[in-house]
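In this note's numbering, the protein residues as written are 1415 to 1625.
Positions of the beta carbon are idealized from the N, C-alpha and C atoms, including for glycine.
A quick write-up on the structure given underneath.
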Ligand SMILES: Cc1ncc(COP(=O)(O)OP(=O)(O)O)c(N)n1
Ligand SMILES: Cc1nc(C(=O)O)sc1CCOP(=O)(O)O
Ligand SMILES: [Mg+2]
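Written as structure tokens, this is what we have:
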């Protein structure tokens, strides 16, 4: 069962992002106050097949210990195999209605959107939440679209109300207050946390805005 509070401090990462031991990095972030974790594997071929399944199972165990929902990006087969709490898909991934047919009510579904039209379509098709972005410029997604800015975000939040929105793309503690003012339920973040010397402090700074 999805809760909007999951979106407060939503960490996304995969092997391409971790600087240190991946499992230890996830555990440290969860202990620091992350409210949802998405596994987004975009890099090395070494993390396909059984290695990916095994890693995802271990991450799931850590998430369960911290009572944090575990979300898989793109890979519905992996999400079903390991029994994830949620699946996140974008506009180029499996359509939401098909995802829902496969996962039924076993998982919540998040959908990436970048315009009012995409956001309204995701709402009509039964998304439990939407990711809206890129809000600002980001180096963490090679095919990111043009940033929509705070005005674009605010317009989408209002258009889909009361569907929960998590903002994504170039978000740092310094701009989190502006994100909060847009009406988004929280922030989805990669680099601000995975490149931080002290991720716990960054997580704590985000949480002061979204609690
Ligand atoms: C919370 C959240 N929002 C947006 C995305 C981006 O999804 P997508 O457009 O499918 O791009 P990839 O992440 O698959 O490169 C996301 N993953 N999470
Ligand atoms: C995974 C992802 N999706 C985006 C979108 O706009 O849909 S932006 C993005 C990358 C977010 O990373 P960072 O916090 O390092 O900017
Ligand atoms: Mg995707």
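### Message
Under 8 Å: does the beta carbon of residue 1545 sit that close to some heavy atom of ligand 2?
### Response
Along the chain shown, one-based indexing puts residue 1545 at 131. Indeed, a heavy atom of ligand 2 lies less than 8 Å from the Cβ.
### Query
If we ignore side chains and look at the alpha-carbon of each, how far apart do residue 1575 and residue 1535 end up?
The residue labelled residue 1575 in the question sits at position 161 within the chain shown. The residue labelled residue 1535 in the question sits at position 121 within the chain shown. Looking at the two C-alpha atoms, the distance is approximately 13 Å.
### Query
Should residue 1457 be listed as close to ligand 3, given that the test is whether its C-beta is under 8 Å from any heavy atom?
In the chain shown, counting from the first residue as 1, residue 1457 sits at position 43. Answer for residue 1457: no, Cβ out of range of ligand 3.
### Query
Going straight from the alpha carbon of residue 1600 to that of residue 1465, what length do you get?
Start at 1 with the first residue of the chain shown, and residue 1600 comes out as number 186. Start at 1 with the first residue of the chain shown, and residue 1465 comes out as number 51. If I take the Cα positions, the gap works out to 31 Å.
### Query
Counting Cβ pairs, one atom from each stretch, are 3 or more of them under 8 Å apart for the segment 1469 to 1486 and the segment 1440 to 1451?
Output reads yes: the segment 1440 to 1451 touches the segment 1469 to 1486.
### Task
Report all residues from its chain with a CB closer than 7 Å to the CB of residue 1454; omit the five preceding and five following residues, and keep chain order.
Walking along the chain shown from the start, residue 1454 turns up at place 40. The answer, listed in chain order, is 1426, 1427, 1428 and 1487.
### Task
Sort out for me which residues DSSP pairs residue 1421 with in a bridge.
Position 7 of the chain shown holds residue 1421. Partner(s): none; residue 1421 has no beta bridge.
#### Entry: Exposure of residue 1526, with buried meaning 16 or more beta-carbon neighbours within 10 Å
As a first step, residue 1526 is located in the chain shown; it is residue number 112 there, counting from the start. Buried, since its Cβ has 16 or more Cβ neighbours within 10 Å.
### Message
DSSP three-state label for residue 1623, please.
### Response
Indexing the chain shown from 1 puts residue 1623 at position 209. Residue state, collapsed to three classes: helix.
### Query
For residue 1423 versus residue 1445, is the C-beta distance shorter than 9 Å?
Here residue 1423 is taken as the residue at index 9 of the chain shown, counted from 1. Here residue 1445 is taken as the residue at index 31 of the chain shown, counted from 1. No, the pair does not count as a contact, with Cβ atoms beyond the cut-off.
### Query
For residue 1375, which three-state DSSP category applies?
Since the first and last residues shown for the chain are 1415 and 1625, residue 1375 lies out of range.
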